[in-house]
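Visitor:
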Amino acid sequence: MEPTKGPSEGGLNVTLTIRLLMHGKGKLSKKMREESGARINISEGNCPERIVTIIRAHRHIFKAFAMIALQI
Numbered sequence: 172m173e174p175t176k177g178p179s180e181g182g183l184n185v186t187l188t189i190r191l192l193m194h195g196k197g198k199l200s201k202k203m204r205e206e207s208g209a210r211i212n213i214s215e216g217n218c219p220e221r222i223v224t225i226i227r228a229h230r231h232i233f234k235a236f237a238m239i240a241l242q243i
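In terms of my numbering, the sequence shown opens at residue 172 and continues consecutively.
#1: Where do the ends of the beta strand (DSSP E) carrying R210 lie?
#2: Put I243 into one of helix, strand or coil per three-state DSSP.
#3: Flag I225 as yes if its beta-carbon sits less than 8 Å from any beta-carbon of chain D, otherwise no.
#4: Check for me: the beta strand (DSSP E) holding I225 runs from which residue to which?
#5: With DSSP collapsed to three states, give me the class of E220.
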C-alpha cells in the first residue's frame with residue numbers, strides 16, 4: 172500500500188506553522204530566534220505560500236526546526 176500525499180497536505184503544515192509563528196505580532200518567532208540562536212526569516216505575506224528560512228550552524232538550525240515542529 173503506497174502512502175498518499177495530496178497537494179494540500181504539505182501546504183497545510185506550512186500555513187499552520189506560519190500562523191503560529193506570526194501569532195502575537197511575532198512574539199513566538201522572536202522567542203525561537205533567541206532560544207535557538209538561529210536566524211529565522213519569514214517571507215512577505217503577499218505570497219500565497221510563505222517560506223521560512225533558518226540560517227546558522229547545524230545545531231542552531233536543528234533546534235529552531237524542532238521548536239517549529241513542536242508548534243504544529
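We put the CB at the ideal spot given by N, CA and C, even for glycine.
Guide: Let me lay it out:
#1: Position 39 of the sequence shown, counted from the first residue, corresponds to residue 210. Note, R210: beta strand (DSSP E), 210–213.
#2: The sequence position of residue 243 within the sequence shown is 72, counting from 1. Coil, per DSSP.
#3: Judged by its chain identifiers, the structure shown contains no chain D, having just a single protein chain.
#4: The residue you call residue 225 lines up with position 54 of the sequence shown. From DSSP, the beta strand (DSSP E) with I225 extends over 223–226.
#5: Taking the sequence shown and counting its residues from 1, one reaches residue 220 at position 49. Three-state result, E220: coil.
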